[in-house]
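Chains as they are written, first to last, in the working numbering: chain F, 1 to 112; chain D, 1 to 114.
In structure tokens:
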């Protein structure tokens, strides 16, 4: 089964700092990499996504960096705020009409 | 609000029982996905439907079944429940279920098996 490995499992960042979450995928042609944000009691919500023909994508304080040769991608949250405290999931889609494969999640806590 | 509605929000039942979880997709979405979320396994894909037909199958147990009805709502049936089935069950929907289309998640059903 295709896997996406996500790290760290949990992360504590000071307000105003940079949060970095890393993901790696296995030997396959993934063609779409979304990140989801989940608050307690809520379902995951799409945050930002990237395709492998792009090395970086930025939306506000959120940036995805993608390294195709290393099969790695990461989420950077600049100027982290307490409201960013949530669980973040990376995912990948094997090429073709196949479902997303999710990482196990990172619980981010931003403290003042 | 994602526009995806899941009922019930919480369900408590006993081992050996059968339950039905319901999902109404966003207006206009034809594809529905079911996921199981547990603490140690993250989000596990169970099954996908598109316009009433099964499109993809993941790690869904034989004790579990699902269907999508003509009005596009979907139901996930869980039978012969075991303690290990306790989890959050999420439904998501997308427009056509094609690669690259965002999935919109409901707020889940928390199933507790006693």
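Heads up, the beta-carbon is just placed ideally off N, CA and C, and yes, glycines get one too.
Of the residues D/14, D/79, D/70, the one placed nearest residue 52 of chain D, counting alpha carbons only:
D/70
- Mind pulling the chain F residues with CB within less than 9 Å of residue 66 of chain D? Correct list: empty, because the minimum Cβ distance to chain F is about 14 Å.
Problem set entry | Residues within the stretch 47-59 of chain D neighbouring chain C, beta-carbon criterion of under 7 Å | The structure shown contains no chain C; its protein chains are F and D.
- So does the stretch 43-58 of chain F actually touch the stretch 88-107 of chain D, counting three or more Cβ pairs closer than 8 Å? yes
| request: List the residues of chain F that residue 125 of chain D touches, going by C-beta distances under 8 Å, in chain order. | output: Outside the shown range of chain D (1 to 114) lies residue 125 of chain D, about which nothing can therefore be said.
- Item | Separation of residue 49 of chain D from residue 5 of chain F, as counted between CA atoms | 27 Å
### Task
Would you identify the three-state DSSP class for residue 34 of chain F, choosing helix, strand or coil?
strand
Just to confirm the assignment: which complete beta strand (DSSP E) runs, minimum length 3, are found wholly within the stretch 37-108 of chain D? 42-50, 53-57, 64-68, 74-78, 87-94
The stretch 20-45 of chain D: positions lying closer than 9 Å to chain F by Cβ: 33, 35, 37, 40, 41, 42, 43, 44, 45
Check this for me: beta carbons of residue 88 of chain D and residue 110 of chain D, under 9 Å apart or not? yes
From residue 44 of chain D to residue 92 of chain F, what distance separates their C-alpha atoms?
13 Å
Exercise. Leaving out the 5 sequence neighbours to the left and right, which residues in its chain are closer than 6 Å to residue 114 of chain D when beta-carbon positions are compared?
Worked result: 14
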